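Top line first, the protein sequences correspond to chains B and P. So in my numbering, spot 44 of the first sequence is number 44, and the numbers just go up one at a time. Take the position in the second sequence, starting the count at 1, then add 1000; the result is the number in my numbering. Report on the structure given below.
2 protein chains.
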Amino acid sequence: MRKGIITSADVARMAEVSQSAVSRTFTPGASVSKETKARVLEAAEALGYRPNALARAMISGQSKMIAMMFAYLENQFYPVLLEHMCRALQAKGYHPLLFMTETGNQDDVVRRLMDYQVQGLVLVSATLSSDLATRCGELGIPVLLLNRETEDGTASCVASDNFGGGRMVAEHFINTGRKKIAYIAGDENSSTNRDREAGLLSGLKEHGMQLHARAVANYNHDQATQVANAMLAADDRPDAIFVANDYMAFAVIDVIRDKFGLSVPKDIAVAGYDDVPEASWAPYQLTTVRQSSEAMTDNAVMLLTEQIDGKRVEPQTIRLPAELIVRASA
Amino acid sequence: MRKGIITSADVARMAEVSQSAVSRTFTPGASVSKETKARVLEAAEALGYRPNALARAMISGQSKMIAMMFAYLENQFYPVLLEHMCRALQAKGYHPLLFMTETGNQDDVVRRLMDYQVQGLVLVSATLSSDLATRCGELGIPVLLLNRETEDGTASCVASDNFGGGRMVAEHFINTGRKKIAYIAGDENSSTNRDREAGLLSGLKEHGMQLHARAVANYNHDQATQVANAMLAADDRPDAIFVANDYMAFAVIDVIRDKFGLSVPKDIAVAGYDDVPEASWAPYQLTTVRQSSEAMTDNAVMLLTEQIDGKRVEPQTIRLPAELIVRASA
DNA sequence: AAACGCGTTGCATACGAATGCAAAACATGT
DNA sequence: ACATGTTTTGCATTCGTATGCAACGCGTTT
Chain B
1 MRKGIITSAD VARMAEVSQS AVSRTFTPGA SVSKETKARV LEAAEALGYR
51 PNALARAMIS GQSKMIAMMF AYLENQFYPV LLEHMCRALQ AKGYHPLLFM
101 TETGNQDDVV RRLMDYQVQG LVLVSATLSS DLATRCGELG IPVLLLNRET
151 EDGTASCVAS DNFGGGRMVA EHFINTGRKK IAYIAGDENS STNRDREAGL
201 LSGLKEHGMQ LHARAVANYN HDQATQVANA MLAADDRPDA IFVANDYMAF
251 AVIDVIRDKF GLSVPKDIAV AGYDDVPEAS WAPYQLTTVR QSSEAMTDNA
301 VMLLTEQIDG KRVEPQTIRL PAELIVRASA
Chain P
1001 MRKGIITSAD VARMAEVSQS AVSRTFTPGA SVSKETKARV LEAAEALGYR
1051 PNALARAMIS GQSKMIAMMF AYLENQFYPV LLEHMCRALQ AKGYHPLLFM
1101 TETGNQDDVV RRLMDYQVQG LVLVSATLSS DLATRCGELG IPVLLLNRET
1151 EDGTASCVAS DNFGGGRMVA EHFINTGRKK IAYIAGDENS STNRDREAGL
1201 LSGLKEHGMQ LHARAVANYN HDQATQVANA MLAADDRPDA IFVANDYMAF
1251 AVIDVIRDKF GLSVPKDIAV AGYDDVPEAS WAPYQLTTVR QSSEAMTDNA
1301 VMLLTEQIDG KRVEPQTIRL PAELIVRASA
């Protein structure tokens, strides 16, 4: 047993009250008189007492912990999201328990997070396996997809208007006279990729155009470098490329300039998605679609807490407005 | 009460054994016969039972949770560190509970993390308030500083050989003929900054040189932009700048090229510290000192678990070798 | 057959706080 | 004064699991 653990019983003894009184003092809205509360607080202060969150969680069923699952953090958008999410949760008295999943390993991770009686599960840019969804459904744990959407109604979703964002890029390219517009996809199984691409195609179609080239890079920097190389080596180069996120767009710009000696945007315009901090840095000056990480996380926390508090039972999807940020790259 | 919570008692009933048998089945090294274990596992599987980590933590004192405290995640080195740390902890059966602190707010955050009976506290690039140190000492919670050092022996530390790294940069600058070497500092209260700067100065001194200019940018991108502007606007420009980390170095390079139209490294050489992924990207090609995030986190987890298991009681400091990565920027 | 040892098993309790219930204390009305 | 209503308080129990202790079964030895 660790030394120096002060329990509510210790405080009770010192304040000459029952353990219940101590508990009630630390339970907002419980029935305690002003005097006893004061005495308890005094004793607690003197002893350095703080209620044991684990014991509290056991009896109340409120662990005040939220699991956050990531596959990777390389894309600079995720740390930003994580930081804001963490702050927003803290502000509401919740605490994020972090899990990294490998593609194969997901089941193991899920089992572990269930063990901790988390009150919610946030999947960041990850696809929800139906197995996971049903398991969480059985336990009544609300699931929220951040930066992804699902149609089956098993989880809440918070994302930006990816379709609209894709359309904005198409229109911008067309308005600035681009004719041969290409797309470099992220993970083809992800809703974000699907919607961004669909938006782009919709915009093109409206102007009687069609996609000039297409490649898949799975939201991965190295793969983006490779497919950009291949795309530029082809006979008929695009004059504009919409890359499914900023992180890959940086790789594409590097290839255009560094490997092929071409100019951005003169020879080839490039647009990304996310508006990560690096997008505004001098070498890139990336035209991109901004999705506000603050708005996303604030809404995510709101949805989660509403579901936890039982105010809302049904999962809900929130689609936030996207904004085109025009910089030098397009 | 949430529906669908299966307890060890439920499993015991189904397997026709006592609750103790179920518990022992899931406690490695406990005394259970092969047969009962098999029956329990079968029943557990059928019911979908998993031991409640919170209840387990209460009785055993092993929450298997580690608190990780960050001040910010902008610097790309931290997400990398966080990801590796999280994976390494998971592999050992621990789980990181994440806390973001604002500079003022630190005490509140610390109180909250203590409530969760975490078995260790990792401070990432944060200075350890003596208050925090003593409080953790009283509760017997090992504290570890990641990417920072402290001399008072109250916490374990894992960092790279920042002094050596600074010296390497000095030597490289000198060997490549630089005469007017400047330093842009991070947070002056941080050990990393102190050591990197001391290393640089030591290297200069050995060759009879001294620092040509100096500014402080607190590991902040915007501040780095500002002080770089000021430094370059001065009469006698440096011909080499050692920036205390990569994240600021990117800002400095942007200023050199974009605001002043100068060339890196022809006019001014720039070196950073960390070797974040972005350092190898085409626009920067940053010469920098690599500190291996894998090595840092592996050692951190090792130290922590040793202290938790009681194999080692005294805090320990591990200083990992640094490696100069020469790229085009210097 | 009795004595011994060892591996299993169940009982009962503990961890630390929250809460339903009933007793107690207090305030209010007539 | 008494009856009534309201707040405050403590007792006892609960959450779900781990574990010390004693009992038990079984095999081995003398």
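Note that beta-carbon positions come from the ideal geometry of N, C-alpha and C, so glycine has one too. Predicted model only: the values in this text are computed from it and were never measured.
- Message: Using 9 Å as the threshold, is the C-beta distance between P/MET1068 and B/LEU320 below it?
- Response: Start at 1 with the first residue of the second sequence, and residue 1068 of chain P comes out as number 68. Start at 1 with the first residue of the first sequence, and residue 320 of chain B comes out as number 320. Contact flag unset, no.
- Report yes if the C-beta distance between B/ILE184 and B/ILE141 is below 9 Å; otherwise report no. Counting from 1 along the first sequence, the entry for residue 184 of chain B is found at position 184. Counting from 1 along the first sequence, the entry for residue 141 of chain B is found at position 141. Not a contact, by the Cβ cut-off of 9 Å.
- Entirely within the segment 1250-1283 of chain P and at least 3 residues each: give me those beta strand (DSSP E) ranges in chain order. 1269-1274
- Query: Looking at the unbroken beta strand (DSSP E) that takes in P/THR1288, where does it start and where does it end?
  - Reply: Walking along the second sequence from the start, residue 1288 of chain P turns up at place 288. 1287-1290 is the extent of the beta strand (DSSP E) around P/THR1288.
- Item | Neighbour list for B/PRO96 in chain P, Cβ cutoff strictly below 7 Å | The residue labelled residue 96 of chain B in the question sits at position 96 within the first sequence. Those within 7 Å of B/PRO96 in chain P are LEU1098.
- Message: Would P/GLY1165 and P/LEU1144 qualify as a contact pair, given that the criterion is a beta-carbon distance under 9 Å?
- Response: Locating residue 1165 of chain P in the second sequence gives position 165, counting from the first residue. Locating residue 1144 of chain P in the second sequence gives position 144, counting from the first residue. No, the pair does not count as a contact, with Cβ atoms beyond the cut-off.
- Query: Going by the CB atoms, is the gap between P/VAL1255 and P/ALA1228 shorter than 9 Å?
  - Reply: Your numbering for residue 1228 of chain P matches position 228 in the second sequence. Your numbering for residue 1255 of chain P matches position 255 in the second sequence. Contact: yes.
- Task: Would you please state the rounded distance, in angstroms, between the beta carbons of B/ALA126 and B/ARG148? I believe it to be under 8 Å.
- Result: Looking up residue 126 of chain B in the first sequence gives position 126. Looking up residue 148 of chain B in the first sequence gives position 148. Confirmed, Cβ separation roughly 7 Å.
- From the DSSP output, in three-state form, read off B/ARG194 for me. As a working mapping, residue 194 of chain B is identified with position 194 in the first sequence. Helix, per DSSP.
- Between the CA atoms of P/ALA1244 and P/TYR1219 - distance to the nearest angstrom: Sequence index remark: in the second sequence, residue 1219 of chain P carries index 219 (1-based). Sequence index remark: in the second sequence, residue 1244 of chain P carries index 244 (1-based). When rounded, the distance between both Cα atoms is 7 Å.
- Going along chain B, which residues have a C-beta under 8 Å from P/ALA1057? Along the second sequence, one-based indexing puts residue 1057 of chain P at 57. By Cβ distance, chain B contributes LEU54.
- In chain P, which residues lie with their C-beta within 9 Å of the C-beta of B/PRO283? Stepping through the first sequence from its first residue, residue 283 of chain B is reached at position 283. In chain order: PHE1250, ILE1253, ASP1254, ARG1257, ASP1258, TRP1281, ALA1282, PRO1283, TYR1284.
- Within chain P, the residues that B/TYR72 reaches when beta carbons sit closer than 8 Å: Position 72 of the first sequence holds residue 72 of chain B. The answer, in chain order, is GLU1083.
- Message: Could you check whether B/GLN117 and B/GLY61 sit closer than 9 Å to each other, using their CB atoms as the reference points?
- Response: Mapped onto the first sequence, residue 61 of chain B falls at position 61. Mapped onto the first sequence, residue 117 of chain B falls at position 117. Result yes, Cβ atoms of B/GLY61 and B/GLN117 sit closer than 9 Å.
- Got a sec? Which residues, its chain only, sit under 6 Å from P/PRO1051 by beta carbon, not counting five neighbours each side? If you number the second sequence from 1, residue 1051 of chain P lands on position 51. Cβ within range, chain order: PHE1026.
- Task: Provide the residue span of the alpha helix (DSSP H) that contains P/HIS1095, from first to last.
- Result: Position 95 of the second sequence, counted from the first residue, corresponds to residue 1095 of chain P. Premise fails: P/HIS1095 lies in the beta strand (DSSP E), 1095-1100, not in any alpha helix (DSSP H).
- Message: Checking 9 Å against the spacing of the C-beta atoms, do P/THR1176 and P/ALA1330 come in under that value?
- Response: Numbered from its first residue, the second sequence carries residue 1176 of chain P at position 176. Numbered from its first residue, the second sequence carries residue 1330 of chain P at position 330. Contact flag set, yes.
- Is B/VAL301 close to chain P, meaning its C-beta is less than 9 Å from at least one C-beta of that chain? Taking the first sequence and counting its residues from 1, the one referred to as residue 301 of chain B is at position 301. Not an interface residue.
- Item | Segment contact flag, the segment 288-306 of chain B with the segment 271-278 of chain B, C-beta cutoff 8 Å, min 3 pairs | yes
- Item | Within the segment 1097-1177 of chain P, ranges of the alpha helix (DSSP H) (whole runs, at least 4 residues) | 1106-1115, 1130-1139, 1162-1175
- Query: Would you call the segment 37-44 of chain B and the segment 68-80 of chain B touching, i.e. three or more CB-CB distances under 8 Å?
  - Reply: no
- Counting along the chain, where does the beta strand (DSSP E) carrying B/ARG214 start and finish? The residue given as residue 214 of chain B occupies position 214 in the first sequence. Run containing B/ARG214: 213-216, per the beta strand (DSSP E) assignment.
- Message: Is the beta carbon of B/VAL301 closer than 9 Å to that of B/TYR94?
- Response: Counted from its first residue, the first sequence places residue 94 of chain B at position 94. Counted from its first residue, the first sequence places residue 301 of chain B at position 301. Yes, the pair counts as a contact, with Cβ atoms nearer than the cut-off.
- Which residues mark the beginning and the end of the beta strand (DSSP E) in which B/GLU323 is found? Within the first sequence, the letter at position 323 stands for residue 323 of chain B. Start and end: 323-325.
- Message: Give me, in chain order, the residues of the same chain whose beta-carbon lies closer than 6 Å to that of P/LEU1123; leave out the 5 immediate sequence neighbours on both sides.
- Response: If you number the second sequence from 1, residue 1123 of chain P lands on position 123. Excluding residues within five positions, the ones whose Cβ falls inside 6 Å are MET1069, LEU1145.
- Residues that P/PHE1077 bridges to, as DSSP identifies them: Along the second sequence, one-based indexing puts residue 1077 of chain P at 77. Partner(s): none; P/PHE1077 has no beta bridge.
- Message: Tell me which residues share the same chain as P/LEU1232 and place their Cβ nearer than 6 Å to its Cβ, disregarding the 5 neighbours each side in the sequence.
- Response: The residue labelled residue 1232 of chain P in the question sits at position 232 within the second sequence. Excluding residues within five positions, the ones whose Cβ falls inside 6 Å are PHE1260.
- Give me the Cα-Cα distance between B/ARG257 and B/GLY199, rounded to the nearest whole angstrom. One-based indexing of the first sequence puts residue 257 of chain B at position 257. One-based indexing of the first sequence puts residue 199 of chain B at position 199. Cα-Cα distance, rounded: 27 Å.
- Message: Please tell me whether B/PRO265 has its Cβ less than 9 Å away from any Cβ of chain P.
- Response: Along the first sequence, one-based indexing puts residue 265 of chain B at 265. Not closer than 9 Å to any Cβ of chain P, the Cβ of B/PRO265 fails to qualify, so no.
- Query: Beta-carbon separation of P/GLU1074 and B/PRO79 under 9 Å?
  - Reply: Translated into the one-based positions of the second sequence, residue 1074 of chain P becomes position 74. Translated into the one-based positions of the first sequence, residue 79 of chain B becomes position 79. Yes, the Cβ-Cβ distance between P/GLU1074 and B/PRO79 is below 9 Å.
- Query: Shortest alpha-carbon distance to B/LYS179 belongs to which of B/PRO96, B/ARG196, B/GLN210, B/LYS34?
  - Reply: As a working note, residue 179 of chain B is residue 179 in the first sequence. Nearest of B/PRO96, B/ARG196, B/GLN210, B/LYS34 to B/LYS179, Cα basis: B/GLN210.
- Task: Sort P/ALA1269, P/LEU1204, P/VAL1017, P/LEU1201 by Cα distance to P/SER1033 and report the nearest one.
- Result: Counting from 1 along the second sequence, the entry for residue 1033 of chain P is found at position 33. Per the Cα distances, P/VAL1017.
- In chain B, which residues lie less than 8 Å from P/ARG1050 when you measure between Cβ atoms? Along the second sequence, one-based indexing puts residue 1050 of chain P at 50. Going along chain B in sequence order, the residues near P/ARG1050 (Cβ under 8 Å) are ARG111, MET114, ASP115.
- Message: Per the DSSP calculation, P/ARG1319 is bridged to which residue(s)?
- Response: As a first step, residue 1319 of chain P must be located in the second sequence, where it is residue number 319. The partner list for P/ARG1319 (beta bridge, DSSP) reads P/ALA1159.
- Item | Neighbour flag for P/LEU1139 against chain B, beta carbons, 9 Å | Locating residue 1139 of chain P in the second sequence gives position 139, where the first residue counts as 1. True, the Cβ-Cβ gap to chain B drops below 9 Å.
- Message: Taking its Cβ as the centre, do 16 or more other Cβ atoms sit within 10 Å of B/LYS311, making it buried, or is it exposed?
- Response: The residue labelled residue 311 of chain B in the question sits at position 311 within the first sequence. So B/LYS311 ends up on the exposed side.
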